[in-house]
Amino acid sequence: MRNRGGLKIRLLIGAAIALFALVKYCSSAEVNPYTGKKQHISISPKQEIAIGLSSAPQMAQQHGGLYPNQQYQDLVDQIGKKLVDNSIAKESGYPFEFHLLRDERAINAFALPGGQVFITYALFSKLKNEDQLAGVLGHEIGHVIGRHSAARMAKQDLTQGLLSGVSVGFDPSTAQGAAAIANVVNMKYGRGDELESDELGVKLMVDAGYNPESLIGVMQILKAAAGPNRVPEFQSTHPDPENRIEKIKEAIRKYRK
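Residue numbers for the sequence shown follow the working numbering, beginning at 3 and rising by one.
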C-alpha cells in the first residue's frame with residue numbers, strides 16, 4: 003500500500019510539472035510580424051539582443067577570431083547593411099552586425115539571437131560573387147527576424163519540463179524513450195526554420211536588388227562540401243540541399259516581380 007501511495011504521489015507531481023511547462027508554453031504564443039506565423043516566444047527582443055551580444059565574442063573565439071582582412075570584412079558589412087536597410091529587417095529594430103571569421107576549415111554561417119551574424123572564411127572563399135554572399139547573409143538575417151533561436155529556447159523549455167515530469171512520475175526507461183521522441187521533434191522544427199530562412203533570404207535579396215537565384219548556387223556549394231557521406235535528412239536539423247533548392251525556386255517565383 004505504501005509503495006502504491008508513493009507512486010501515486012510521484013505521478014501527481016510529475017503531471018503537475020508537465021502541466022506547468024505546457025501552460026507556460028501555450029501562453030507564450032504570438033504572431034511574428036515578419037513571417038505572419040504564430041510562434042511561442044518566452045523572451046523579449048531586448049533579451050535576445052543581450053544574449054547575442056554576450057555570446058558573440060565566445061563564438062568568434064571558437065572559430066579562431068575574426069579574419070584579418072579589412073577589405074573582406076568591409077564587403078561583408080556593406081552587403082549585410084544593404085540587405086537590412088532595404089527590407090523588413092530594418093523594421094525589426096535588431097542592431098545587426100556582421101562578422102567574417104578566421105576559420106578556414108568549417109564551411110559555415112550562423113546567427114545569434116538579436117542580430118549577430120557570422121560567416122567563416124572557409125565559406126566566404128568558396129562564394130563566386132556578391133549575390134551569393136548576399137544569399138548567405140540574407141538567410142542568416144532570416145533566422146534573426148524569424149526569431150528562431152528564441153522559439154527554439156521556448157521549445158527546449160517545454161520539452162525539458164515534460165521530460166522532468168516524465169522522469170519524476172515514471173521509470174527511467176520511459177524517460178529515455180520520451181527524450182528520444184523530443185529529439186526527433188526538435189530536429190523537425192530545425193528543418194522548418196532552415197526552409198523559412200531560405201524563403202526570407204530570397205525576399206531580402208529581391209528587396210535589396212540581388213539575384214535570388216544565386217542562393218541556389220550556395221546550396222550547391224554546401225552540397226558539394228558535405229560530400230557523399232552527409233547525414234540523411236531525417237537525422238539532421240538541416241533539410242537536404244536538393245529539397246532546399248526546390249523551396250528556394252518556389253520562393254523566387256513568389257517574390258520576384
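We treat Cβ as the ideally placed atom computed from N, Cα and C, and that holds for glycine.
| Check | Outcome |
| --- | --- |
| Cut-off 6 angstroms between Cβ atoms - residues of its own chain near residue 107, not counting five sequence neighbours on either side | 124 |
| Those residues which DSSP pairs with residue 103 across a bridge | 68, 122 |
| Element boundaries [beta strand (DSSP E), containing residue 113] | 111 to 114 |
| Contacts around residue 193, its chain only, beta-carbon distance under 6 angstroms, and the 5 residues preceding and following it disregarded | 241 |
| Buried/exposed call for residue 186, threshold 16 Cβ in 10 Å | With a pLDDT of 43 at residue 186, under the threshold of 50, the predicted position of this residue should be treated as unreliable, though the coordinate-derived value follows. By the 10 Å Cβ count, residue 186 comes out exposed. |
| C-alpha distance - residue 267 paired with residue 31, whole-angstrom precision | Because the chain spans 3 through 259 in this model, residue 267 falls outside it and cannot be assessed. |
| For residue 251, the nearest candidate out of 202, 67, 143 (CA to CA) | 202 |
| Cβ-Cβ separation, residue 97 to residue 152 (assumed contact under 8 angstroms), whole Å | 16 angstroms between Cβ atoms; not a contact. |
| Helix, strand or coil at residue 108 according to DSSP, with G and I counted as helix | coil |
| Residue 65 versus residue 113: straight-line alpha-carbon distance, rounded | 14 angstroms |
| Own chain, CB closer than 6 angstroms to residue 253, minus 5 neighbours either side, in chain order | 201, 204 |
| Inter-residue CB distance, residue 156 and residue 43 (contact presumed, cutoff 8 angstroms) | 6 angstroms |
| Check whether residue 1 and residue 87 have beta carbons under 7 angstroms apart | The displayed coordinates of the chain run from 3 to 259. Any statement about residue 1 would go beyond what the structure contains. |
| Residue 81 Cβ short of 6 angstroms to the ligand SAH heavy atom set | In terms of ligand content, the structure shown is empty, and the ligand SAH therefore cannot be addressed. |
| Residues bridged to residue 40 (per DSSP) | 33 |
| 7 angstroms Cβ shell around residue 208 - same chain, five flanking residues per side excluded | 214, 257, 258 |
| Sub-7 angstroms separation of residue 85 and residue 140 beta-carbons | yes |
| Residue 10 to residue 222 span [Cα, whole Å] | 56 angstroms |
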